[in-house]
Amino acid sequence: MTVPRVAALVFALVIAGLTSSGSAIAAGRTVRITFALVSDLYEMEERAGRGGFARIAAAIKAERASGRRVVVAHAGDTISPSLYSGFDQGAHIIELTNLLAPDLFVPGNHEYDFGEGVFRARMAQARFPLLAANLRDSDGKPLPGIMDTTMIEHEGVRIGVIGLTADDSPERSSPGTLRFMATVRTARDLAAELRAAGADLVVALAHADRRTDLRLFYGHDIDLLLSGDDHDLAVLYDGRSALVEAMSDGAVLAAVDLEITLEENGANRSLSWWPRFRIVDTADVTPDPVVAERVAELKAELSKDLDVALGITTTALDSRKSEVRAGETAIGNLFADAMREAAGAEVAVLNGGGIRGDRTYPAGTTLKRRDVLGELPFSNKLVKVELSGDQLLQALENGLWFAGKPNGRFLQVSGLAIVAKADAVPGHRIVSVLIGGQPLEPTRSYQVATNDFIAAGKEGFAVFETAERLISETSGQLVSNAVMDYIRKLGQVAPAVEGRIRIE
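Position one of the sequence shown corresponds to residue 60 (this note's numbering), numbered consecutively onward.
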C-alpha cells in the first residue's frame with residue numbers, strides 16, 4: 060500500500076492568545092496534554108507493513124507510556140465496510156476497538172450501514188465513551204449511552220469536548236429512524252455552552268467532510284478539531300484554531316501536543332496555547348502482540364469460505380478509489396454487467412463509491428470470493444425498477460454531477476453509452492445517451508437494475524425512491540452474490556473500458 064495523498068500541510072503558524080474564565084492557577088504555569096487521533100479504521104490487518112489494528116494499538120500504547128496526559132480519540136467509520144464486516148456486521152471490529160480502548164469515539168456514517176438495529180447493538184457492545192451531540196432517536200431524545208459532550212480536567216485546565224457524527228448519514232448510509240442535526244450549528248451552540256460552563260478550550264471530535272471541517276475551522280468556535288471521513292492527512296493552524304485528520308486504516312496516528320500557558324494577574328486570568336503536531340507512521344512501530352494474535356484468530360474464523368475460486372480475469376482490473384469514482388472502469392463494467400444480467404434489466408447502474416477494494420488485479424488473476432466481497436462489502440441488495448427515459452436521464456446527470464472530480468455518486472453502468480461535457484453546468488452535462496444502441500426516449504419506460512442504496516434515493520438519486528419496484532429490496536439477492544454467480548458461470552471474464560461513459 061502506498062501512503063495516500065497529503066491533502067493539507069501546516070499553514071502559517073501564528074500564535075494567538077485566547078482569553079477564558081476558570082479556576083485560579085499559579086501564574087505562568089504550563090500545562091501539557093496530548094490528543095492522539097485515529098479514524099476510518101476498517102481493516103483488521105496491515106497492508107505493506109503499515110496500518111491495521113495491531114500497529115495502531117502499538118502506536119497508542121507508546122503514547123500512553125510516554126508519561127504525558129494522552130487522550131485517544133477515534134473519529135469514526137469502522138464497523139463497515141471491510142472484507143469481513145458483511146459476515147458479522149462489524150462485531151469483530153468492536154471487539155478490536157475495545158482492545159484499543161479509545162477515550163473518545165464518535166460514530167461515522169458507516170456505523171449505520173447495517174441499519175439502526177445493528178448500530179444500536181454495536182454501540183451497546185462498546186467499552187469506550189461514545190459522543191454524538193447531533194444524533195437523536197425518532198422522538199428527538201439522546202440515545203442511551205451516547206453523550207453530547209464531556210469535560211476533561213487536567214492540572215487545573217478544563218477542556219470541553221463535543222462529539223459530532225456525520226449529519227449526511229441519511230443520504231450516505233441507512234440509519235433508519237435516527238435523526239441528525241446540523242453539525243456546524245450544533246458545534247457553535249455547544250461550544251458557547253461549554254465555555255459558559257467553564258471550559259478553557261473546546262475540542263470537537265467530528266466525522267465530517269472537508270467542506271464541513273473548514274466551516275468549523277474558520278468559524279473559530281472550536282479550538283481544536285479532530286476529524287475523520289476524508290481519508291487524508293490534514294493539518295491546519297491559523298493562530299486561533301487547529302485541525303487534524305489522520306488518513307485511514309491506521310496508516311498513521313496523528314498526535315497534537317497542546318502546550319497551554321496560564322497567567323494570573325489579580326482577578327484577571329489569561330490563557331494561551333500552542334499545538335505541536337506529530338505524525339506517527341505505523342510502519343515504524345512493532346505490532347502489538349496481543350492484538351496481532353487476536354487479529355490472526357479472527358481472520359482464521361472468518362476466512363474459511365473466502366478462498367473459493369470463481370474464475371479468471373484475462374484483463375487487468377483497477378478498483379482504486381481515484382478510478383471507480385471518476386470514470387468508466389473495467390471492474391465497474393464487470394459488476395454492472397453482472398447486475399443487469401441477474402435482474403434481466405435493460406440497464407444497470409452502480410455507484411462508484413460502493414466499490415471499496417482500492418486495489419489492482421493483473422490480467423490472469425484468479426478471482427475469489429474474497430475479492431468480490433472485499434470490493435462489495437456493504438451487503439447491498441439487487442433492485443430492479445421502472446423509470447421513464449426522462450427519469451433515467453436525471454439519474455445519469457446526478458451521477459455525473461461532479462464529473463472531473465472523484466465522487467462516490469459517479470456511476471459504473473451497463474447497457475448504456477453516454478457522452479458528456481466536463482465543462483457544462485452540473486445537471487446539464489450529458490450530450491447523448493444510447494440504450495442498446497438506440498437513443499434514449501424521454502417518454503419510454505426502461506427497466507433499470509441498481510443496488511438498494513441508490514434505490515433508496517441516496518447520494519442525490521431521488522428519482523429511484525418512488526420508482527415502481529420490479530424486484531424489491533426485500534426480494535432481491537445480494538449484489539455480491541450476483542457478481543460471484545456471473546463470474547462462476549462464465550469461468551473466464553475479460554471486461555474492458557469500452558466507451559460506456561465518455562467525458563469530453
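For every residue, glycine included, the Cβ atom is placed at its ideal position computed from N, Cα and C. A quick note: this is a predicted structure, and the numbers were derived from the prediction, not measured.
The residue from R503, L194, A251 with its alpha-carbon nearest to that of H266 is L194.
DSSP places D226 outside any beta strand (DSSP E), giving it a letter other than H or E.
A514 places its beta carbon less than 8 Å from that of V442. Annotation: the continuous alpha helix (DSSP H) that includes T156 extends over 150-159.
Within 10 angstroms of the beta-carbon of M210 lie fewer than 16 other beta-carbons, which makes it exposed.
Nearest to P188 by C-alpha distance, out of A132, G111, R274, A404, is A132. Straight-line measurement puts the Cα of D289 at about 7 Å from the Cα of M306. In its chain, beyond the 5 residues on either side, L365, D366, V367, A368, L369 have a beta carbon closer than 8 Å to the beta carbon of K427. Shown here, E445 sits in a strand according to DSSP, grouped into three states. For K427, the enclosing beta strand (DSSP E) covers residues 424-427. Residue pairing by DSSP places V478 opposite S491, R561 in a beta bridge. Distance from the CA atom of T320 to the CA atom of V261, rounded to whole angstroms, is 16 Å. Between K440 and G558, the C-beta gap is not smaller than 8 Å, which leaves the two residues out of contact. Cβ-Cβ distances below 6 Å link H169 to D136, S139 in the same chain, with the five nearest sequence neighbours on each side left out; the list follows chain order. Taking V349 as reference, the option from L253, F112, A389, R106 with the minimal CA-CA separation is F112. Here H487 is exposed, its C-beta having fewer than 16 other C-beta atoms within 10 Å.
The Cβ atoms of Y545 and A397 lie closer than 8 Å to each other. In the DSSP assignment, R91 falls within the beta strand (DSSP E) that extends over 88-97.
The three-state reading of DSSP puts T242 in helix, counting H, G and I together. Taking the Cα positions, T93 is about 28 Å away from R353.
Sequence-distant partners of S141 (beyond 5 residues in either direction) whose C-beta falls short of 7 Å from its own C-beta, in its chain, are Y101, E102, P436.
Taking C-alpha positions only, S144 is separated from H151 by approximately 8 Å. In this structure, DSSP gives I414 a state outside helix and strand, which the three-state scheme calls coil.
For I115, no beta strand (DSSP E) encloses it; the enclosing alpha helix (DSSP H) starts and ends at 112-123. A246 sits close to A263, with the two beta carbons spaced by under 8 Å. It is roughly 12 Å from the alpha-carbon of N392 to the alpha-carbon of N410. Nearest C-alpha to R254 among T502, P229, V216: V216. For the pair L158 and I115, the CB atoms are not nearer than the 8 Å cut-off. If you draw a straight line from the Cα of S286 to the Cα of E304, it comes to about 5 Å.
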